Structure formats: structure tokens, C-alpha cells
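Chains as they are written, first to last, in numbering that gives the first Met the number 0: chain V, 0 to 155; chain X, 0 to 155; chain E, 0 to 155; chain Y, 0 to 155; chain U, 0 to 155; chain L, 0 to 155.
Ideal Cβ placement from N, Cα and C applies to all residues, glycine included.
Bear in mind that the values here come from a model prediction, so they are computed numbers and not experimental data.
In what follows, a structure is listed as C-alpha cells, so that the remarks can point back to it.
Number of protein chains: 6
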Amino acid sequence: MSQKKSPKDSCVETSYIVLPSHTNALGGVFGGTVMSWIDMVGAICAQRHSNRICVTASIDALHFIHPLELGDTATLFARIVYTGRTSMMISVDVYAENPIRRIKAQCVKAYLTFVALGEDRKPTPVPELLLTTESEKQAYADAKERRKALLAQSRS
Amino acid sequence: MSQKKSPKDSCVETSYIVLPSHTNALGGVFGGTVMSWIDMVGAICAQRHSNRICVTASIDALHFIHPLELGDTATLFARIVYTGRTSMMISVDVYAENPIRRIKAQCVKAYLTFVALGEDRKPTPVPELLLTTESEKQAYADAKERRKALLAQSRS
Amino acid sequence: MSQKKSPKDSCVETSYIVLPSHTNALGGVFGGTVMSWIDMVGAICAQRHSNRICVTASIDALHFIHPLELGDTATLFARIVYTGRTSMMISVDVYAENPIRRIKAQCVKAYLTFVALGEDRKPTPVPELLLTTESEKQAYADAKERRKALLAQSRS
Amino acid sequence: MSQKKSPKDSCVETSYIVLPSHTNALGGVFGGTVMSWIDMVGAICAQRHSNRICVTASIDALHFIHPLELGDTATLFARIVYTGRTSMMISVDVYAENPIRRIKAQCVKAYLTFVALGEDRKPTPVPELLLTTESEKQAYADAKERRKALLAQSRS
Amino acid sequence: MSQKKSPKDSCVETSYIVLPSHTNALGGVFGGTVMSWIDMVGAICAQRHSNRICVTASIDALHFIHPLELGDTATLFARIVYTGRTSMMISVDVYAENPIRRIKAQCVKAYLTFVALGEDRKPTPVPELLLTTESEKQAYADAKERRKALLAQSRS
Amino acid sequence: MSQKKSPKDSCVETSYIVLPSHTNALGGVFGGTVMSWIDMVGAICAQRHSNRICVTASIDALHFIHPLELGDTATLFARIVYTGRTSMMISVDVYAENPIRRIKAQCVKAYLTFVALGEDRKPTPVPELLLTTESEKQAYADAKERRKALLAQSRS
Numbered sequence: 000m001s002q003k004k005s006p007k008d009s010c011v012e013t014s015y016i017v018l019p020s021h022t023n024a025l026g027g028v029f030g031g032t033v034m035s036w037i038d039m040v041g042a043i044c045a046q047r048h049s050n051r052i053c054v055t056a057s058i059d060a061l062h063f064i065h066p067l068e069l070g071d072t073a074t075l076f077a078r079i080v081y082t083g084r085t086s087m088m089i090s091v092d093v094y095a096e097n098p099i100r101r102i103k104a105q106c107v108k109a110y111l112t113f114v115a116l117g118e119d120r121k122p123t124p125v126p127e128l129l130l131t132t133e134s135e136k137q138a139y140a141d142a143k144e145r146r147k148a149l150l151a152q153s154r155s
Numbered sequence: 000m001s002q003k004k005s006p007k008d009s010c011v012e013t014s015y016i017v018l019p020s021h022t023n024a025l026g027g028v029f030g031g032t033v034m035s036w037i038d039m040v041g042a043i044c045a046q047r048h049s050n051r052i053c054v055t056a057s058i059d060a061l062h063f064i065h066p067l068e069l070g071d072t073a074t075l076f077a078r079i080v081y082t083g084r085t086s087m088m089i090s091v092d093v094y095a096e097n098p099i100r101r102i103k104a105q106c107v108k109a110y111l112t113f114v115a116l117g118e119d120r121k122p123t124p125v126p127e128l129l130l131t132t133e134s135e136k137q138a139y140a141d142a143k144e145r146r147k148a149l150l151a152q153s154r155s
Numbered sequence: 000m001s002q003k004k005s006p007k008d009s010c011v012e013t014s015y016i017v018l019p020s021h022t023n024a025l026g027g028v029f030g031g032t033v034m035s036w037i038d039m040v041g042a043i044c045a046q047r048h049s050n051r052i053c054v055t056a057s058i059d060a061l062h063f064i065h066p067l068e069l070g071d072t073a074t075l076f077a078r079i080v081y082t083g084r085t086s087m088m089i090s091v092d093v094y095a096e097n098p099i100r101r102i103k104a105q106c107v108k109a110y111l112t113f114v115a116l117g118e119d120r121k122p123t124p125v126p127e128l129l130l131t132t133e134s135e136k137q138a139y140a141d142a143k144e145r146r147k148a149l150l151a152q153s154r155s
Numbered sequence: 000m001s002q003k004k005s006p007k008d009s010c011v012e013t014s015y016i017v018l019p020s021h022t023n024a025l026g027g028v029f030g031g032t033v034m035s036w037i038d039m040v041g042a043i044c045a046q047r048h049s050n051r052i053c054v055t056a057s058i059d060a061l062h063f064i065h066p067l068e069l070g071d072t073a074t075l076f077a078r079i080v081y082t083g084r085t086s087m088m089i090s091v092d093v094y095a096e097n098p099i100r101r102i103k104a105q106c107v108k109a110y111l112t113f114v115a116l117g118e119d120r121k122p123t124p125v126p127e128l129l130l131t132t133e134s135e136k137q138a139y140a141d142a143k144e145r146r147k148a149l150l151a152q153s154r155s
Numbered sequence: 000m001s002q003k004k005s006p007k008d009s010c011v012e013t014s015y016i017v018l019p020s021h022t023n024a025l026g027g028v029f030g031g032t033v034m035s036w037i038d039m040v041g042a043i044c045a046q047r048h049s050n051r052i053c054v055t056a057s058i059d060a061l062h063f064i065h066p067l068e069l070g071d072t073a074t075l076f077a078r079i080v081y082t083g084r085t086s087m088m089i090s091v092d093v094y095a096e097n098p099i100r101r102i103k104a105q106c107v108k109a110y111l112t113f114v115a116l117g118e119d120r121k122p123t124p125v126p127e128l129l130l131t132t133e134s135e136k137q138a139y140a141d142a143k144e145r146r147k148a149l150l151a152q153s154r155s
Numbered sequence: 000m001s002q003k004k005s006p007k008d009s010c011v012e013t014s015y016i017v018l019p020s021h022t023n024a025l026g027g028v029f030g031g032t033v034m035s036w037i038d039m040v041g042a043i044c045a046q047r048h049s050n051r052i053c054v055t056a057s058i059d060a061l062h063f064i065h066p067l068e069l070g071d072t073a074t075l076f077a078r079i080v081y082t083g084r085t086s087m088m089i090s091v092d093v094y095a096e097n098p099i100r101r102i103k104a105q106c107v108k109a110y111l112t113f114v115a116l117g118e119d120r121k122p123t124p125v126p127e128l129l130l131t132t133e134s135e136k137q138a139y140a141d142a143k144e145r146r147k148a149l150l151a152q153s154r155s
């Protein structure tokens, strides 16, 4: 696992149209549906970085910022922001786009941690991140801070 | 909204059998499926406390502790731990139980925040909590601390 | 299988919000969706009583009493009312609750029979019921009567 | 509603391949899935007879006779056997067919009652049955008997 | 595989009610839902003809002719029109029927090709068609022409 | 609608992990599931080009080239290749990627036609294509040829 990998190599983009089967009683998207989409796109990103089967370890934060309505196109972007020895923190951003008015708005901001599994289904090391741009370095520093805060909180 | 309400009045329990349609490629439960279950049971709890339609504002933490396998019974317990003016923090615990061996294990621990909506679909005040037991008071204090840490983190 | 078990030890409660994906063209719940929910909660109850994998043998009766509408919370209660040598009759009651008006109404009353399977996937004996309350004894007597009527009917 | 209608005019046949998304933890079909299929095919039959939107009133009996396995073709036949003033009793038979061995076996036998709704969503009269064959008359007599037994049972 | 089989022996009919879970944001059926239904009914037809597990090789044409609305009954008819050595071309017609107005209209016309798999999961020969009626012979000639045009197109 | 638009402005990429709920009895992806994914990604592409709600008019061709197995990542690419007055031909390519071996293979190649709907739900004009690269011009010429062949075929 000596080879570092760029976050660019594992970015994932994915889009859905919000159908009635995805909605809640108010006609907006059902929270659980978006969480499923976020979990899947995050897992694909983690698997691309590690070349391993990955499972969700935690959702570190997930904020609904803006509603996602019936008929909107939801676009999700996942990228890796931090690696532990066997874990990866993935950031997922969800944007809504009305097909006619084309107004884009960020709907959800989420951070999830995935763990890579070896053939024995036990956690296995993942490649470190090769950070080149300022934005990648900033995302890494933010994630490290976020992780420290989470650990402090769980210890308290 | 002068009337306080006990957390006991809005507790929700719900159970699922893990079917093949809920699983990932490894035969364990798909993360997104459990998140959907957690979101729904949390929303029911928030709606019972507020007598309002509630929408998910955030997942404040969600940890997968133990695997949940095909054929297991998943039991979810949701209870309200903290209220803001228009928001409610709900704790959700998920337990797995093998139908034959009857071994129970906690699989997921989660905290979600829901917002109550009025008829105008804008946030509307919710009843405060009437805390009577030590465990309710402790859960409230922990949630307040957790909320403070989350706010500090999002400000930084 | 000498040990009797109380019906209290296998009661199951479970709740759903009626989402658009659960509805029919009229905006009420689709009958087949509720039947799926009833089947799952009944199977969990039978598995808790028998500590075995259980499969549905029959629906002995299932009555839709009151509509269950989009946005309602559906709460299902399953309890064991009768045991044969390898079979268990489970009663399932479904209640609807409007999240705002809080009016509760019983929507469905159902009786299902499940069979416990051994490791060879053949029917295997289940614990007898330890009946202590008057209501448990009444439910048992009613179920016995119901079963006798069903047998008579299937013989004719 | 003076015009009688033959049961032949509302027969419905429908087929599914049992996919992993339809199965339980044992690899057979999940009971709730088959119940959904039965409810839908029964509703189509009732709607064809009445030219009305119909909703499920009850499952009068539903017996699992033979297992339905992953990969089998499930074929359902629905036909109307009895009419009340606003209700229709539908018989549904489900057969399993292994695609290679072609062995057919009856898996489920069910009787459901549907109610026809008028534009005001209240029960509305349905056409009587025009019975011509011996088998139709026998099915009608059996259903009448079954209905009498069910009524006696619910009164007791 | 010397025995020829009539197309009549593998015809499949299947019906669905269009539920909200099947619809798009406009309230009509979601295209992908109908494609799933068509694929399944086509596979059943191919499996009945070949007594083999069959997988989809191609959709040769699929035309949406008329909308299929929420609450409509969709009825699909699949029949085999052409056989290659290991492949079968299946025609699927989808009709919509409003339950009250009883107006029927053809919604979709599709041609799919399935391949029969042997126990080694490799393509395996299928019975030839025994064509007796004029309409069967015409469908066969049309399919042969269609296939030739498709091959010419894919070669160009 | 005088403004031409580049095909680059409406490209859509989307990824799924193949879960058990997406598979057939052989453990590969169920054909109908992939068709649903293709239909959705194609519709998003058409809506991005036209800034209109779009509905599927036809699948002009869809070929399964390579199997897509449980646990694979399926990645779909949709791009517009041709425009009529109110219709758009979209090409969709589906690739499978094993998360560990990272071998990529094209699984499906499809062409679909979508129609843009105005506020009156009637077909409405779409922007013409601004073709700049050789590959865009080639895709357009191929699509024109394909369309001509399809029209000839449907007239015959």
C-alpha cells in the first residue's frame, strides 16, 4: 500500500430524477431515499480509492439544506477527503435542479466513513491520499479536524 | 405550546426481518436500507412529540457497530432526547437478533434532528420536554453537549 | 419443547409512515402493501415464540375496517393467540394515526398461521402457550373456535 | 345495474418470475410479496366485473400449499365467484412452474372480497353474475356457503 | 431439439394496475417501469418456449404509442415470433384500460431477443417454430425482415 | 429556439452498485433493472438539452454485450446524438467494473428517443445541436442513418 492515490481518481457523480416512489407525504423527497443514494455513491467512491469491497462505518454529518422536489434532478458528487489506516472519509454533495427553470441549489452536505474489507472480510489498509491542489489540502485539514472533534465527542 | 411532554409519550419501536432485497453484495444489510428505516422511525417519534408533520434536518451521528445479517430481526427504538424551539433531536438504536440463536447485539446508534412544520410548511414551535427520570436528564444533557459541539464545528 | 411460553414474550409492535410508494390510485394505502407489513410482523412474532425460522401457512382472516391514508402513521401489533404442534396462530391489529389530529382508528384485523421449520426445513414442534390473563385465555378460546370453523369449512 | 355479467368476462391471468427481490431469507418467495400479487390481480378482476374502482375489503382465506422458489414462474388466475350488492368475492389460484423441469404445482389458493366504489368513493352496486357452466354454479354455491360461515363466525 | 413447437404454447398474458410507485413526475407511468414489465413477460415467454433459463440479449424496438396513466390496468401480451439457433425474438404488446371508461388503447409495441442458456450457462439450441396460422407466418416473415435490417444496420 | 447547444452541455454520468435487489435468479443483473437505469439517465440528458420535461418515445436499440454481476459497479454515460424538431436521440453506454479486479467492460449499448413536452403537455421544439468535434459529427451522422433505417422499417 505504498502507492498514494489522488482524490481525483475516485470521484463519483450520479443523478436521479425524483419520482413519486421517492417522495414523502408532502411531495418532497423522502429523507431515507436520499440517504440511500448518498450511501451508495459514497461506497462507490471508497471502493474506487481502495480497490476493495467497502462497508459504511458511520455518517459523520448529513445536513438537509434545501428541499428536493418531485420532478427535480438530484445530482450527487462524492469525493474522498481523508484516509485512516483502513478507513476513508467521503464527502457527498447533493444538488437539485429543476428541469425547466434550471435553478441549481445544494440540498444536502454529508460526510461518511467507509472501511475497506480484505478477502477475510476484516478491515484492510487503504492507499494514502496524494494531495496536490489547495482545495484538496483544505478538505483534508477540515476532515482531520472534524474527525478529531468526533473522537473527542465520543470519548466524552 | 406551553404544555411540556414526557419523552415516554413519543417512543417508537419497530421491527423488520432482513430480506434479500435489503442486502448488499456481501449478504449483510445494505447501509442505505438501515438509514431509511432509521429516518422513518425517527420521523414518527418527532411527529408523535410535536403533533406536526416533521422533516429530517440532519443526521448528527450514525455509527454501524455490529453487522446485521440476512434473516436477522432488526429492531429499532426511537426516543426524543432534546428539543430546540422548532427542532427535536431523536436517538435511534438498532438491535439485531438471530431468530434461532436469539443473541441480541446493538448494530447502529444514531442521532437525527427533525423540524416540525406548520400548515404554512414553515418551522413551528414544538413542546418542551418534561424530564422525570435520571436517564432522561442524562440523555438531554448529552444531547445538549452534542449539539454545542456540532454548532462549534460548523462555525469553525 | 416442554417449556411453556407466555404470549407477552413474543409481542411485536411496528410502525410505518404511509408514503406515496405505498399508495393506490385513490391515495389510500395499497392493500398489498399492508398485507406485506402484516406478514412480516406476524413472522417476527412467530419466530420470537418458537426460536425458529417460520413461514406463512395461511391467512385465516384479514379485514379492512377503516382507510389508511397517505401521511398516516400505521402501527401494527402482533401477538400469538394459539399454538398447534408445529403451527402458531398470530393476531395482527393495524391502527392508523393522523400525525396532526392524532385520531386513532383500527384499520385492519388479521389472523395468520405460521409454521416453524427445523434445520431440515421440515415443520418442527413449538412451545405451548402459558396463558395467565383472562384476555389471553379468551383470545386462545376464540382462536380455537376459529380454527375449528376453518377446518370444518375446508372439509366440506 | 340490471345487466348480468358472465365470470368469463372478468378473468385475469398474470405471471411473474420469482427474483431475489421477492424472496425471504430461505430463498423461497416472501409471503408478503405473493399477497401483494394476489391483491393486485384480484382487484383487476373486480374492476373488470364492476367497471368501478375497487378496494380490498377482506381476505377470506389464503393457503400456502406448495413452496414457490427463486427462478420459478408464478402464474396467478383470478375469477369472480360471488357477488353481494356492492361486493365481489374473487378466487385467486397461484401456480409455480420451474422453467426447466416444467413441473406445475398449485402454491396458493385464496379468496378475497372487494368493494366497488362510486364517484363519491362510497360503495356502489355491482352487476350480478350470469352463471352458465356447472363449475361456475358450483363455485358460486361454495362461495355462498363460505360467506355464510364467515358471517356466522364474525357474529359469534 | 428436433421437435417444433407452436407459438401458442408459450403465449404469456400479464396485468398490472398502475400505482403511484410506478409513475413519473407527470403522473403517467415511468418508462423504466414498463420496460421492466416487458422484460419479465418476454423472458417468461422465451422460457416457456425453450424450457431453459433465458436472458435478454437485446431490445430490437420499443415504441410508446399512447400514455398509460395512474389507475389504468396495463395488460401485456408476449408471444414468440422468430427463432434463431439459440435465440428467440419475442413480441410484446401493452394495452391500457381505464377501469371505469373501459376504453382500451395500445400503449407500447416491443420486440426483444432472448438467449436460452444451458446448464453450463452457455447459449443452447431452442426448438424451431411450428407455424400454422397465417398471422403466425406473417409475424415470422416480418421478424425475419426486421432481424435482417438490424444486422445490416449493425454491420454498417 | 434559435440557440444551438453543444452535446457536451447535457452529458450525464451515473453509477450504481449491483445489489441483490437488482439481480435475476442467476445472480446477474435483471434486464428490466438496467432498462430502468438507462431510461432515467437518458431522460435526464434529454431534459438538460431541452430545459423541458421529457418522456420516452422509443428504444431504438439496446444490446446486452457483457454480463453485469452482483457487486459490480455499473456506470452509465448518456449523451445526445441527434435532434428532430421535438425529439432527441440519446445514446447510453453502460460499463461494469469489478470493485477489486478493476476490469472494465461495456455491458450495454442503447439508443433511446425522448420527446420534449411544453406546459400544455404537447411536444415542443428543442434546440438544435452545435457539433464541433469529429466524434460528435460522426455520432450525428450515424444516428441520422439509424433513424432513416428505423423509419424505412416501420413503413414497410
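Taking the DSSP output, what are the residues bridged to residue 46 of chain X?
Its beta-bridge partners do not exist; DSSP assigns none.
Is it the case that the Cβ atoms of residue 160 of chain V and residue 20 of chain E are separated by a distance below 7 Å?
The structure shown has nothing for residue 160 of chain V, since chain V only spans 0 to 155.
Does the CB of residue 83 of chain U have a neighbour CB from chain E at under 7 Å?
no
Using 8 Å as the threshold, is the stretch 130-143 of chain U in touch with the stretch 73-84 of chain U, meaning 3 or more CB pairs across them?
yes
To be precise: take each residue of the stretch 15-29 of chain V, compare its Cβ to all Cβ atoms of chain U, and keep it if any distance is under 8 Å. Which residues remain?
16, 17, 18, 19, 20
Residue 86 of chain E and residue 60 of chain E look like a contact to me (Cβ under 8 Å); what is the Cβ gap, rounded to whole Å?
Incorrect: roughly 16 Å between the Cβ atoms, too far for contact.
Using a beta-carbon distance cut-off of less than 7 Å, what residues from the stretch 60-73 of chain Y approach chain L?
69, 70
Excluding five sequence neighbours on each side, which residues of the same chain lie with their C-beta closer than 8 Å to the C-beta of residue 66 of chain L?
27, 28, 95, 106
Assign residue 0 of chain X to one of two classes, buried (16 or more other C-beta atoms within 10 Å of its C-beta) or exposed (fewer than that).
Annotation note: pLDDT 49 at residue 0 of chain X (below 50); position unreliable, coordinate value reported separately. Residue 0 of chain X is exposed by the Cβ-count criterion.
Proximity test, Cβ basis, 7 Å: residue 101 of chain U and chain Y:
Under the Cβ criterion of 7 Å, residue 101 of chain U is counted among the residues facing chain Y.
Could you spell out the range, first to last residue, of the beta strand (DSSP E) harbouring residue 53 of chain E?
52-63
Hey, is residue 124 of chain Y's beta-carbon within less than 7 Å of any beta-carbon in chain U?
Residue 124 of chain Y does not count as touching chain U.
What number of angstroms, rounded off, separates the C-alpha of residue 103 of chain Y from the C-alpha of residue 97 of chain Y?
7 Å
Bounding residues of the beta strand (DSSP E) (the contiguous stretch that carries residue 103 of chain E):
103-116
C-beta neighbour in chain L for residue 137 of chain U, strict 7 Å:
no
Are the C-beta of residue 13 of chain X and some C-beta of chain E separated by less than 7 Å?
yes
Here's the rule: buried if 16 or more other CB atoms are within 10 angstroms of the residue's CB, otherwise exposed. What is residue 22 of chain V?
buried
Under a three-way DSSP split, which group does residue 37 of chain V fall into?
helix
Taking the alpha-carbon positions, what's the residue 156 of chain Y to residue 75 of chain Y distance?
Any question about residue 156 of chain Y goes unanswered here, given that chain Y covers just 0 to 155.
I want to see whether chain A comes within less than 7 Å of residue 46 of chain X, judged by CB atoms only; does it?
Of the protein chains in this structure, namely V, X, E, Y, U and L, none is chain A.
Residue 16 of chain L: first and last residue of the uninterrupted beta strand (DSSP E) it sits in:
11-16
Against chain E, with Cβ distances strictly below 7 Å, would residue 98 of chain X count as a contact?
yes
Contact check, residue 40 of chain V vs residue 11 of chain V, beta carbons under 7 Å
Yes, the pair counts as a contact, with Cβ atoms nearer than the cut-off.
Can you list the residues of chain E that residue 117 of chain Y reaches, using a CB-CB cut of under 7 Å?
The premise fails here: residue 117 of chain Y is roughly 12 Å from chain E at the closest Cβ pair, so nothing lies under 7 Å.
Measuring straight from C-alpha to C-alpha, what distance separates residue 63 of chain E and residue 119 of chain Y?
19 Å
Please list, in chain order, the chain E residues whose beta carbon lies closer than 8 Å to that of residue 42 of chain X.
16
What does residue 152 of chain X reach in chain V if we use C-beta pairs closer than 7 Å?
145, 148
Expressed to the nearest angstrom, what Euclidean distance is found between the alpha-carbon atoms of residue 152 of chain U and residue 9 of chain V?
37 Å
Helix, strand or coil at residue 135 of chain U [DSSP, three-state]
helix
So, with DSSP's three-state summary, where would you put residue 0 of chain Y?
Here the model assigns residue 0 of chain Y a pLDDT of 49, short of 50, so the residue's position is not dependable, and the following value carries that caveat. In the structure shown, residue 0 of chain Y sits in coil (DSSP, three-state: anything other than H, G, I, E or B).
Cβ-Cβ distance between residue 126 of chain L and residue 46 of chain L below 7 Å
no
Using the rule of at least 16 other Cβ atoms within 10 Å of the residue's Cβ for burial, across every protein chain shown, is residue 147 of chain X buried or exposed?
exposed
Within this structure, are the beta carbons of residue 44 of chain Y and residue 16 of chain Y separated by less than 7 Å?
no
For residue 39 of chain L, go through chain U and note every residue whose CB falls closer than 7 Å to its CB, in chain order.
31
Please identify the residue among Y:84, Y:71, Y:69 whose C-alpha is closest to the C-alpha of residue 112 of chain Y.
Y:84
Taking C-alpha atoms, which residue in Y:48, Y:5, Y:38, Y:30 lies nearest to residue 99 of chain U?
Taking each of Y:48, Y:5, Y:38, Y:30 in turn and checking the Cα distance to residue 99 of chain U, the smallest one comes out for Y:48.
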